[in-house]
Amino acid sequence: MANRRPGRPPTGRAQSAAERMRRYRARRRAAGLRVATRWRPAASAAISPGVLKHRILEARSLAMHCLIARKIESDRRLLAAARRNLEKWIARYGEGVPRALGEWREILDRPWPEIAALITDADEAAVRLRQSSPFAGVLTPGERRRVYEAFRA
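Each residue of the sequence shown is one higher than the last, beginning at 1486 in this note's numbering.
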């Protein structure tokens, strides 16, 4: 048996990509298939302006927390600022401490890699927690301005 190469047997003439596409389309038309030339979004794909704005704000918060995580990764002393903020907020509330602040207290007792993973996560729990983030003061005003300008619509 001769050396056989995998694939289609040689026809003796190579076809250009355009010719192959024309022949493919002709076969599709002959099979009765119709060409779809317009894309129509599903009704559920429509996003209201309010929802869109909310998603942009969530993305901005995620971007800020990614920057915060990068800064704390290079200087772990900045994590103390978040702990101080949290303790001030808890002291201000006294008995009626919001649940999110209690969650943050537990989170800030974890090892830094776990905290970094949580604040840069995109799941619903992380989005909810970022709304009451104790990391105020970690970013400089210039860093915050850069993030805000990047998400300005």
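Glycine included, every Cβ here is placed at the ideal spot set by N, Cα and C.
**OP:** With a 10 Å radius around its C-beta and 16 neighbouring C-beta atoms as the bar for buried, classify A1567 as buried or exposed.
**Re:** buried
Original post:
Of the residues P1598, A1601, I1575 and R1514, which one's Cα is nearest the Cα of R1590?
Top reply: I1575
Subject >> Where A1588 sits in the DSSP three-state scheme >> reply: For the record, residue 1588 in the displayed sequence is Glu; it is not Ala. Here E1588 sits in helix by DSSP.
Original post:
What are the boundary residues of the alpha helix (DSSP H) that L1518 is part of?
Top reply: From DSSP, L1518 is part of no alpha helix (DSSP H); its letter is neither H nor E.
**OP:** Please go through the same chain and pick out, in chain order, the residues whose beta-carbon is closer than 8 Å to the beta-carbon of V1623, but skip the five residues on each side of it.
**Re:** In chain order, I1553, K1556, I1557, L1563, A1566 and A1567 place their CB closer than 8 Å to the CB of V1623, counting only its own chain and leaving out the 5 sequence neighbours on each side.
Subject >> Of the listed residues A1635, R1584 and A1516, nearest to A1610 (C-alpha basis) >> reply: R1584
Original post:
Can you name, in chain order, every residue of its own chain whose Cβ lies under 8 Å from the Cβ of E1588, other than the five neighbours on each side?
Top reply: L1614
Original post:
On the three-state DSSP scale, how would you describe I1600?
Top reply: helix
**OP:** Return the residue from the list A1502, R1569, G1492 and E1543 that minimises the CA-CA distance to A1621.
**Re:** Answer by Cα proximity: R1569.
Original post:
In its own chain, which residues sit with a C-beta less than 8 Å from the C-beta of H1550, not counting the 5 before and 5 after it?
Top reply: I1604, T1605, R1615, S1618 and F1620
Subject >> Limits of the unbroken alpha helix (DSSP H) element including L1537 >> reply: P1534 to S1559
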